[in-house]
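Asker: Handing you this structure, nothing more for now.
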Amino acid sequence: GAVVSQHPSRVICKSGTSVKIECRSLDFQATTMFWYRQFPKQSLMLMATSNEGSKATYEQGVEKDKFLINHASLTLSTLTVTSAHPEDSSFYICSAILAGGAYFGPGTRLTVL
Amino acid sequence: GENVEQHPSTLSVQEGDSAVIKCTYSDSASNYFPWYKQELGKRPQLIIDIRSNVGEKKDQRIAVTLNKTAKHFSLHITETQPEDSAVYFCAACEVEYGNKLVFGAGTILRVKS
């Protein structure tokens, strides 16, 4: 199947700092990628749709100035959590579409102290 | 927007028995219904999917059925094995809108040996 990578897999940061998470499609091009967050024992909640060459589309209730998304190329989307706070601690997962199917990255575990 | 409900939230079966997980969706425009398996701390893995022009799809021990009229779809796992234990998520979307998946709440499946 399609391969989607994420980096870093795990990050611990202090409150107030910014964290950048990268999502890459390794063997295919993705004009659209999606960013999800998942709290423990909960489902995946869509945060935003990342569109190559244009602005991201955010879901209701997601602060676009806090979660900055950049889709600079057909294989890379980045999510930057700005001024992170403990409540931003979560599992962040990206996905990319290939042949109509969604393939997920391995996720990034963010812990904000 | 789309809303997906999933039942049951937890399911325990004896090894060798069958497991059935059910989902309903609200948006009649949705035409793509994937199922994902997620093990603790790992990415969701696509295990089977179905499109609205098909009523049933089978892949070895896994099958999915779709009732468009009633707007529900189900995952069937036969001859369950301990390694089937995981969290299973259903999802729905309209493919023409870029596979913006809406997930169900998830089902924790435990297969007892």
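Heads up: the sequence lines are chains B and E, in that order. When the letters of the first sequence are read in order and numbered with this note's numbering, they come out as residues 39 to 151. When the letters of the second sequence are read in order and numbered with this note's numbering, they come out as residues 21 to 133. Even glycine gets a Cβ: it sits at the ideal position worked out from N, Cα and C. Quick caveat, the model's predicted, so the values are computed rather than measured.
Have a look at Leu84(B), Val57(B), Lys93(B) and flag the residue whose alpha-carbon is nearest the alpha-carbon of Gly99(B).
Answerer: Numbered from its first residue, the first sequence carries residue 99(B) at position 61. Residue Leu84(B) is the option with its Cα nearest to Gly99(B).
Asker: Of the choices Phe105(B), Phe129(B), Gly54(B), whose alpha-carbon is the least far from that of Pro46(B)?
Answerer: Taking the first sequence and counting its residues from 1, the one referred to as residue 46(B) is at position 8. Looking at the Cα atoms, Phe129(B) is the closest of the given residues.
Asker: Relative to the alpha-carbon of Cys43(E), which residue among Ser29(E), Glu103(E), Phe93(E) has its alpha-carbon at the smallest distance?
Answerer: As a working mapping, residue 43(E) is identified with position 23 in the second sequence. For the residues Ser29(E), Glu103(E), Phe93(E), the minimum Cα distance to Cys43(E) belongs to Phe93(E).
Asker: Please report the straight-line C-alpha distance between Ile107(B) and Glu99(E), rounded to a whole angstrom.
Answerer: Your numbering for residue 107(B) matches position 69 in the first sequence. Your numbering for residue 99(E) matches position 79 in the second sequence. Roughly 43 Å between the two C-alpha positions.
Asker: Return the CA-CA distance between Pro124(B) and Cys51(B), expressed in angstroms with no decimal places.
Answerer: On the first sequence, residue 124(B) is found 86 positions in, with the first residue counted as 1. On the first sequence, residue 51(B) is found 13 positions in, with the first residue counted as 1. Rounded to the nearest angstrom, the two C-alpha atoms are 9 Å apart.
Asker: Is it true that the CB of Cys132(B) sits closer than 8 Å to the CB of Gly143(B)?
Answerer: On the first sequence, residue 143(B) is found 105 positions in, with the first residue counted as 1. On the first sequence, residue 132(B) is found 94 positions in, with the first residue counted as 1. Yes, these two residues count as a Cβ contact at 8 Å.
Asker: Compile a chain-ordered list of the residues in the segment 116-146 of chain B whose CB is closer than 9 Å to at least one CB of chain E.
Answerer: If the cut-off is 9 Å between Cβ atoms, the segment 116-146 of chain B has Phe129, Ile131, Ser133, Ile135, Gly138, Gly139, Ala140, Tyr141, Phe142, Gly143, Pro144, Gly145 near chain E.
Asker: Grouping DSSP H, G and I as helix and E and B as strand, with all else coil, what is Gly60(B)?
Answerer: As a first step, residue 60(B) must be located in the first sequence, where it is residue number 22. The displayed chain sequence assigns Glu, not Gly, to residue 60(B). Reduced to three states, the DSSP call for Glu60(B) is strand.
Asker: Tell me whether Val74(E) sits in a helix, a strand or coil according to DSSP, three-state version.
Answerer: Position 54 of the second sequence, counted from the first residue, corresponds to residue 74(E). Three-state DSSP puts Val74(E) in coil, outside helix and strand.
Asker: Give the straight-line distance between the Cα atoms of Ile59(B) and Thr116(B), rounded to the nearest whole angstrom.
Answerer: Taking the first sequence and counting its residues from 1, one reaches residue 59(B) at position 21. Taking the first sequence and counting its residues from 1, one reaches residue 116(B) at position 78. Rounded to the nearest angstrom, the two C-alpha atoms are 6 Å apart.
Asker: For a contact meaning CB atoms closer than 8 Å, what does Val84(E) contact in chain B?
Answerer: Translated into the one-based positions of the second sequence, residue 84(E) becomes position 64. Per Cβ cutoff of 8 Å: no residues; Val84(E) is ~14 Å from chain B at best.
Asker: Could you please give the first and the last residue of the uninterrupted beta strand (DSSP E) stretch that includes His109(B)?
Answerer: For this step, residue 109(B) is matched to residue 71 along the first sequence. Its beta strand (DSSP E) spans residues 105-111.
Asker: May I ask you to report which of helix, strand or coil DSSP gives Glu125(B)?
Answerer: The residue given as residue 125(B) occupies position 87 in the first sequence. If DSSP states are grouped into helix, strand and coil, Glu125(B) belongs with the helices.
Asker: Mind listing the chain B neighbours of Phe109(E)? Cutoff is C-beta to C-beta under 9 Å, in chain order.
Answerer: Your numbering for residue 109(E) matches position 89 in the second sequence. Those are Ser81, Leu82, listed as they occur along chain B.
Asker: Have a look at Tyr108(E), Leu60(E), Ala49(E) and flag the residue whose alpha-carbon is nearest the alpha-carbon of Ile68(E).
Answerer: For the purposes of this step, residue 68(E) is taken as the residue at position 48 of the second sequence. When only C-alpha atoms are compared, the closest one is Tyr108(E).
Asker: Helix, strand or coil: how does DSSP classify Pro78(B) here?
Answerer: As a working mapping, residue 78(B) is identified with position 40 in the first sequence. Looking at Pro78(B) - three-state DSSP - the assignment turns out to be coil, as it is neither helix nor strand.
Asker: Roughly how many whole angstroms lie between the Cα atoms of His27(E) and Gly126(E)?
Answerer: Your numbering for residue 27(E) matches position 7 in the second sequence. Your numbering for residue 126(E) matches position 106 in the second sequence. Our two residues, His27(E) and Gly126(E), have alpha carbons roughly 8 Å apart in a direct line.
Asker: In the structure shown, what three-state DSSP assignment does Glu103(E) receive?
Answerer: Counting from one through the second sequence, the residue named residue 103(E) turns up at place 83. Glu103(E) falls in the helix class under three-state DSSP.
Asker: Give the interface partners of Asp69(E) over in chain B, defined as CB-CB distance under 7 Å, in chain order.
Answerer: As a working note, residue 69(E) is residue 49 in the second sequence. Residues of chain B passing the Cβ test: Gly139.
Asker: Where does the unbroken beta strand (DSSP E) through Leu151(B) begin, and where does it stop?
Answerer: Here residue 151(B) refers to the residue found at position 113 when the first sequence is read from its first residue. Element bounds for Leu151(B): n/a, residue is neither H nor E.
Asker: Have a look at Ala39(E), Pro64(E), Glu22(E), Val24(E) and flag the residue whose alpha-carbon is nearest the alpha-carbon of Pro102(E).
Answerer: Here residue 102(E) corresponds to residue number 82 of the second sequence, with the count starting at 1. Closest by alpha carbon: Ala39(E).
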